[in-house]
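Asks:
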Amino acid sequence: MNAYRLYLVTDDQQDLATLTEVVSKAVAGGVTMVQVREKHGDVRAFIERALAVKDILKGSGVPLIINDRVDVALAVDADGVHLGQSDMPAKIARQLIGPDKILGLSIETQEQLAEADALPIDYIGLSAIFATPTKTNTKHHWGIDGLKSALKVTSLPIVAIGGIHEGNIPELCSTGVHGLALVSAICSADDPKAAAAHLLELMG
Numbered sequence: 001m002n003a004y005r006l007y008l009v010t011d012d013q014q015d016l017a018t019l020t021e022v023v024s025k026a027v028a029g030g031v032t033m034v035q036v037r038e039k040h041g042d043v044r045a046f047i048e049r050a051l052a053v054k055d056i057l058k059g060s061g062v063p064l065i066i067n068d069r070v071d072v073a074l075a076v077d078a079d080g081v082h083l084g085q086s087d088m089p090a091k092i093a094r095q096l097i098g099p100d101k102i103l104g105l106s107i108e109t110q111e112q113l114a115e116a117d118a119l120p121i122d123y124i125g126l127s128a129i130f131a132t133p134t135k136t137n138t139k140h141h142w143g144i145d146g147l148k149s150a151l152k153v154t155s156l157p158i159v160a161i162g163g164i165h166e167g168n169i170p171e172l173c174s175t176g177v178h179g180l181a182l183v184s185a186i187c188s189a190d191d192p193k194a195a196a197a198h199l200l201e202l203m204g
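Following this line, the structure appears as structure tokens:
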């Protein structure tokens, strides 16, 4: 099974009760991976949220990924970590989490993409495919053509992130991309379970 296929990134603006409800419904709808994101710098709150999501995912086969924080991932024994370019270097993160955990890295430029295959990572988060309100500081938008060329450059699985919604999913999937990462399309949906199921249908 391709765990990267429908990759949910949680909304750090949602409170704990909303977060757990969204994740449990999204998993019921078919989400294949969950990344807990917490940008407020409160490590205790991050650990609390991560443990709550871990509890929901227990027995589901859906991996729990922690955004940015290797210490939090180790504290909750998550399935992996997703690093940004300004986070801990991938080689050091790999030493800390060991060989069996999943390690992802956000790639934002052609230079970073060229170096990715030499790093001890399992997959790439290609960011941002399209402009998106949840990430305002992106320097570069890859677009469909950029995604196609990236798939040729690297042998690593690629998860596309940024500005992905119902309207562009079929075109994105036609590139052969390994997975799509979504925040608002699931987290802001009235029914996250139905939203996840619908997105999987669109992916074909």
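full-length UniProt numbering numbers the first residue of the sequence shown as 1 and each following residue consecutively.
Backbone N, C-alpha and C fix where the C-beta goes; we use that ideal spot for every residue, glycine too.
Being a predicted model, the structure only gives us computed values, none of them experimental.
Consult DSSP for M203 and reduce its assignment to one of helix, strand or coil.
Replies: When DSSP states are grouped into helix, strand and coil, M203 belongs to the helix group.
Asks: Would you mind giving the Cβ-Cβ distance between L105 and G125, rounded to the nearest angstrom? I have them listed as a contact below 8 Å.
Replies: 7 Å
Asks: Please identify the residue among V22, H82, M33 whose C-alpha is closest to the C-alpha of A194.
Replies: V22
Asks: How is the beta strand (DSSP E) around L172 delimited, first residue to last?
Replies: From DSSP, L172 is part of no beta strand (DSSP E) but of the alpha helix (DSSP H) over 169-173.
Asks: Starting from the C-beta of H40, find all residues in its chain whose C-beta is less than 7 Å away, skip the five residues before and the five after it, and write them out in chain order.
Replies: D12
Asks: Sorted by chain position, which residues of the same chain lie with C-beta nearer than 8 Å to E171's C-beta, five sequence neighbours on each side aside?
Replies: I144
Asks: Spatial neighbours of H165 within its chain, please: C-beta separation below 6 Å, excluding the five flanking residues on both sides.
Replies: Counting only Cβ-Cβ distances below 6 Å, and skipping sequence neighbours, we find A185.
Asks: Would M33 be called buried (16 or more neighbouring beta carbons within 10 Å of its own) or exposed?
Replies: buried
Asks: Closest by CA to Y4, which one among I129, G30, S24?
Replies: Residue G30 is the option with its Cα nearest to Y4.
Asks: Here's a check: name, in chain order, each residue in its chain whose Cβ is nearer than 8 Å to the Cβ of L156, leaving out the five neighbours to either side.
Replies: The residues A116, D117, I121, D122, Y123, I124, in chain order, have a CB closer than 8 Å to that of L156 in the same chain once the five nearest residues on each side in sequence are set aside.
Asks: Comparing alpha-carbon positions, which option in V62, L182, G80 lies nearest D68?
Replies: G80
Asks: Looking at the strands, I want to know which residues DSSP matches up with S188.
Replies: According to DSSP, S188 bridges with nothing at all.
Asks: Measuring alpha carbon to alpha carbon, tell me which residue in K152, K91, K58 is nearest A78.
Replies: K58
Asks: Please confirm whether I161 and A150 have their CB atoms less than 9 Å apart.
Replies: no
Asks: Looking at L51: is its Cβ nearer than 9 Å to the Cβ of V76?
Replies: In contact: L51 and V76 (Cβ atoms closer than 9 Å).
Asks: In the DSSP assignment, find the unbroken beta strand (DSSP E) run with F31 in it and report its ends.
Replies: Residue 31 is actually Val in this sequence, not Phe. Counting along the chain, no beta strand (DSSP E) covers V31, and no H or E run does either.
Asks: In the structure shown, what three-state DSSP assignment does I66 receive?
Replies: strand
Asks: By the 10 Å Cβ neighbour count, where 16 or more other Cβ atoms means buried, how is H140 classified, buried or exposed?
Replies: Here H140 is exposed, its C-beta having fewer than 16 other C-beta atoms within 10 Å.
Asks: Can you round the beta-carbon distance between V70 and M88 to whole angstroms, since I take them to be within the 8 Å contact cut?
Replies: 6 Å
Asks: Let me check understanding here. Comparing Cα to Cα, which of T175, S188, I102, C187 lies closest to G204?
Replies: T175
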